[in-house]
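Report on one structure; see the data block that follows.
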Amino acid sequence: MQRVITHEDKNNNLFSVIETTYETDEQLNEILHDEKRNPHLFDLAQGLVFRCHIIYYKQISSNHLLSDQNLLIFNFHHALFDFPSMVVFLDDLNQAYTIGQLLYNDNTNLRYLDYAAIEQQMSMTGASMFWLDVL
1 MQRVITHEDK NNNLFSVIET TYETDEQLNE ILHDEKRNPH LFDLAQGLVF
51 RCHIIYYKQI SSNHLLSDQN LLIFNFHHAL FDFPSMVVFL DDLNQAYTIG
101 QLLYNDNTNL RYLDYAAIEQ QMSMTGASMF WLDVL
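So in UniProt numbering, the last one in the sequence shown is 135, and the numbering has no gaps at all.
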């Protein structure tokens with residue numbers, strides 16, 4: 001079932017934010033490999049499909065500012081994130097980084113929300129019957 005997460009949503013089980021440190025290139029490569037290949041990082045049954053991993057060089061910053069040796073990884077499950085989603089995400093990330101906020105207009109602010117609401121109201125009887133016949 002689809003659902004739109006708002007900024008007021010208090011369900012922290014939908015995503016995770018992880019902070020780790022590394023000191024050697026070997027440790028960093030292990031962290032990166034795990035982010036790329038570990039299937040247990042996500043839990044589709046619980047809706048955990050997004051991770052933000054902050055990787056600090058040597059120590060976690062007390063002021064939470066990143067240096068040029070730190071990395072920030074956004075890791076999405078492929079069921080959640082396709083190429084068009086990546087384009088939107090990267091545009092929003094760039095905008096937030098360069099001007100410090102996201103600018104919305106009335107034409108784009110509710111685009112996915114509208115789509116999700118309409119899709120939830122659609123009758124899926126025909127689609128369900130098709131898949132029952134196929135399977």
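Just so it is clear, CB atoms sit at the ideal spot from N, CA and C, and this is done for glycine as well.
For residue i and residue j, I'd like the C-alpha separation in whole angstroms.
i	j	result
glutamate 119	tyrosine 22	44 Å
histidine 78	isoleucine 18	19 Å
tyrosine 97	isoleucine 60	21 Å
isoleucine 31	aspartate 92	26 Å
asparagine 63	valine 134	56 Å
phenylalanine 130	leucine 41	33 Å
aspartate 25	glycine 100	31 Å
glutamine 95	leucine 103	8 Å
Please state the DSSP three-state secondary structure of residue i.
i	result
serine 128	helix
valine 17	strand
isoleucine 60	coil
leucine 32	helix
leucine 135	coil
Given a cut-off of 8 Å on the beta-carbon distance, is the pair residue i and residue j in contact?
i	j	result
asparagine 75	arginine 51	yes
**Ordered list of alpha helix (DSSP H) runs contained in the region 38-103, each at least 4 residues** = 83-99
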